[in-house]
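full-length UniProt numbering puts the first residue of the sequence shown at 1, with every later residue one more than the last. Here's the structure, in structure tokens; my notes come after.
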Amino acid sequence: MQYNNNRPNEVERMDYHEEFRRSIDHREDFWREQAGQIDWIKAPKTIWQRSSNGHGTWFSDGVLNSSDVALDANIRAGRADQKALIYDSPVTNSQRSYTYQELTDAVARFAGALSDQGISKGDRVIIYMPMIPEAVIAMLGCARIGAVHSVVFGGFAAHELAVRIDDATPKAIVTASCGIEIDRVIEYKPLVDQAIKQASHKPERCIVYQRPQAQAQLQAGRDLDWQTLVAAATPADPVPVQATDPLYILYTSGTTGKPKGVVRDNGGHAVALNYSMKLVYDANPGDVYWAASDVGWVVGHSYIVYGPLFAGCTTVLYEGKPVKTPDAGAFWRVVQDHGVNLLFTAPTAFRAVRKEDPEADQLARYDVSSLKRIFLAGERLDPPTYDWLREHTRLPVLDHWWQTETGWAICCNPVGVEMMMTKPGSATVPSPGFNVQVVDMNGRQLAAGEQGQIAVKLPLPPGCLLTVWGDDERFRHSYLEPIPGFYSSGDGGYVDDDGYVFIMGRTDDVINVAGHRLSTGEMEEVVAAHPAIAECCVVGAHDDMKGQVPVGLVLVKDGATIDHDELEDELVEMVRDKIGAIACFRRAMVVDRLPKTRSGKILRRVIRQIADGEDYTVPSTIDDPAILEEISQRFQR
């Protein structure tokens, strides 16, 4: 097989504004150059094609294989002996690493095992795995033979797994015998068995990786042992696929309660992620890159597995937590042990670290001199967390904003092109390719400083979702129809006079107090600035007189001794001083925990329902369901 790997010399870098304008005004030339930076089996001649919905497709006549771009291309580039993957697991007290050659061999053999079970191009495979190397190997093994993987967060409830089985109709499920939390072992196989029993669609095969912490019982005729299967397999070569062929389906929450299967293509995804590794992170081949997330989320797909490998980096796979594995120094220990250069995680992680170690005493125990920059995304980066990180690490702390649907940053500080001044609370500026505008629901652009809908003028750049799996109508209804001519992000915010984008939260986090539209994000910023507060959220609760009033839930830092009533009085006064009496912020409840998803997002909608005395459904993604009952009792007092 011949590869088109005669990459041109890197295009001369412009400043950010030149690069951005070129990506919008000369879209096809811009992305043709970026496409030239990866190895194609057949390079595309058609860069973008308009579709009937105005969304369009990228590189439609190109042919490649994502596993080849991630692995074999690095071997051809002379990186066979460089570390590709480092596995660090404080919950099992173990570490492993793979060179690019070793990881390629492992992926090729697992791909061969899949082929031996009759799985081929276009077939779907659900991966339900913990944070172990085999999860990465399974993803890349599917990509190698053109199968479409759908990773479901390990430990998800059986019902939620069953819903995804029925939607994706996989030919096989790949799982492990167990996942390991701080204080318990979670057996996966009973959950998988229950999900298959509930689902209408029945996968033909279930491949199980046995971990020593728990042995799974295998069902004859359907279940197969990973180790036995791989030992007998012949390594598979990369299968050529069209650029527009699906690489994976990743489910994200939907307002109807039925998850939406975001479909990512092969070609646009490879081009966009390779470009983003330089643009957003300034990552170079050989850099040690760590995205402290989970492969079950989009961050794990983009920046644990595909992005770093596309860029020739060493990627870190961490099976642990930011705290309690064993302490608040866990992240700094990983940085020291593996020489991490670039760290990306969610603000929630560092809020947890800050809560347990407010003076950063743990940081002082480790040599983190290898670390160049810290990146945060997944939720709004509150200024207190930003300030704490900057003060104690003295490193650039860079916020960026993106979504499962986009797969890479809509807004960032484009350090690979031009390092820009940071502004706390801002994700900085639109990434080249994303024509971000603040508009009303009719698509009318709003003035600088005026809050509205954050939307992206079509077409979206490469790497964004193609559609919703099996439901193109839902794709159009959810993302394209709300604001004609735009991709509707569902987030609200504003752009300042310098062009910096401020994301203030989901548009349903805007509350209406006596006819005044107020952002709960702004109130959270004020509340979080109190020296005793580790973390907080503000929601709008129903009020007969004013329509809605804000209510705060706050976590107090370890060691803080302030009386709760006194704290509430101080927070009320702070909001009054910063926003005004119009905010009507009069209640701040101290809680032990905030209800969150496993990826760290606060369940604001459920909190609102509890505050309003409404019935609510415990989300499948919740980290600890018991906290909802505790909060419900607090609201009833």
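For glycine and all other residues, C-beta sits at the position ideal for the given N, C-alpha and C. Bear in mind the structure is a predicted one, so any value in this text is a computation, not a measurement.
Return the bridge partner residues of residue i from the DSSP annotation.
i	result
P430	C411
N341	BP columns for N341 are empty, so no partner.
M589	L553
V456	V436, Y487
residue 643	Lying outside 1 to 637, the shown extent of the chain, residue 643 is not represented and no answer is given.
S23	In DSSP, S23 forms no bridge with anything.
P246	D265
C536	V554
T541	In the sequence as presented, Thr is not what sits at residue 541; that position holds Ala. BP columns for A541 point to V549.
A172	V125, R205
Excluding the five sequence neighbours on either side, which residues of its own chain have a C-beta within less than 8 angstroms of the C-beta of residue i, listed in chain order?
i	result
N9	Note that N9 has pLDDT 47, beneath the 50 cutoff, so the model's placement of it is unreliable and the number below is only indicative. So the list is empty, once near-sequence residues are dropped.
I483	V439, M441, N442, G443, Q453, A455
R634	M589, V591
A532	V556, K557, A560, I562, L567
G329	D357, Q362, L363, R365, Y366
G339	V288, S370
Can you round the beta-carbon distance between residue i and residue j to whole angstroms, since I take them to be within the 8 angstroms contact cut?
i	j	result
C412	V280	5 angstroms
A583	V591	Wrong, their Cβ atoms sit about 21 angstroms apart, outside the cutoff.
A35	V192	Rounded, the Cβ-Cβ distance is 39 angstroms, inconsistent with contact.
A168	S150	5 angstroms
D88	Q95	5 angstroms
G267	L140	At roughly 17 angstroms, the Cβ-Cβ gap does not stay under 8 angstroms, so G267 and L140 are not in contact.
F153	G296	3 angstroms
Q198	A157	Wrong, their Cβ atoms sit about 10 angstroms apart, outside the cutoff.
W402	I249	With a Cβ gap of about 18 angstroms, W402 and I249 do not count as contacting.
P285	R79	7 angstroms
A349	P322	4 angstroms
L290	L343	A quick correction: the sequence has Trp, not Leu, at residue 290. Right, the Cβ-Cβ distance comes to about 5 angstroms (below 8 angstroms), so this counts as a contact.
Have a look at the options and flag the residue whose alpha-carbon is nearest the alpha-carbon of residue i.
i	options	result
A84	Q49, I41, I137	I137
P240	A626, P90, A143	A143
S632	Y616, I610, D615, T621	I610
T520	W40, L309, S488, R506	R506
V262	D183, S276, S599, Y479	Y479
D327	D265, D357, E33, Y16	D357
K355	R50, A534, G433	A534
T428	V417, T404, Q403, L398	L398
S97	I132, I127, A330	I132
Q217	A232, P238, D61, S177	S177
K202	T234, D166, D223	D166
G538	F156, I602, L247	This sequence places Val at residue 538; Gly is not what is there. When each option's Cα is compared against that of V538, the closest is I602.
Y251	E614, I126, D25, R373	I126
A113	V148, L229, E630, K45	L229
V305	A147, E19, L103	L103
E181	P170, I207, Q213	Q213
I186	P130, R222, S200, C206	P130
R184	D223, V107, T92	T92
D471	Q82, E570, K258, Y188	K258
D497	F475, H477, A448	A448
S60	Y494, D245, E473	D245
F585	C206, L571, T597	L571
Who are the near neighbours of residue i in its chain, counting only those whose CB is closer than 6 angstroms to its CB and skipping five residues on each side?
i	result
H542	D612
S276	W408
T445	Note on residue identity: the sequence assigns Gln, not Thr, to residue 445. Q437, V439, listed in sequence order.
Y209	E134, A176, W226
G416	K278, L279, D282
I47	E28, W31, R32
D123	A147, K171
L460	Y487
P430	C411, V436
Check whether the Cβ of residue i lies closer than 7 angstroms to any heavy atom of the ligand NAP, and answer yes or no.
i	result
R587	As for the ligand NAP, it is missing from this structure, which has no ligand bound.
Can you name, in chain order, every residue of its own chain whose Cβ lies under 7 angstroms from the Cβ of residue i, other than the five neighbours on each side?
i	result
P384	A528, A529
R637	none
I627	R593, P595
H392	A360, L363
R333	Y366
E525	D382, P383, G425
Q548	I511, N512, V513, G540, A541, H542
A195	A158, L161, A162, I165
C464	E405, T406, G407
H55	L458, P459, L460, L480
Q: Run through the segment 182-234 for me and flag every whole alpha helix (DSSP H) of 4 or more residues, listed as ranges in chain order.
A: For the segment 182-234, the continuous alpha helix (DSSP H) assignments of 4+ residues that do not extend past its boundaries occur at 189-198, 226-231, in sequence order.
Q.
List, from N- to C-terminal side, the alpha helix (DSSP H) runs of 4 residues or more that fit wholly inside the segment 273-358.
A. Correct list: 307-310, 330-338, 347-356.
Q: Would you mind listing the beta strand (DSSP E) stretches within the segment 50-103 that are 3+ residues and don't spill past its ends, in chain order?
A: The segment 50-103 contains these whole beta strand (DSSP E) runs: 83-89, 94-99.
Q | Every unbroken beta strand (DSSP E) within the segment 113-143, with a cutoff of 3 residues, ordered by chain | A | List check, beta strand (DSSP E) in window: 124-128.
Q: With a floor of 4 residues, list each alpha helix (DSSP H) that falls wholly inside the segment 598-635, ordered by position along the chain.
A: 604-611, all fully within the segment 598-635.
Q. At which residue ranges does the segment 370-413 contain complete beta strand (DSSP E) runs of 3 or more residues, listed in the order of the chain?
A. DSSP runs (the beta strand (DSSP E)) wholly in the segment 370-413: 373-376, 397-399.
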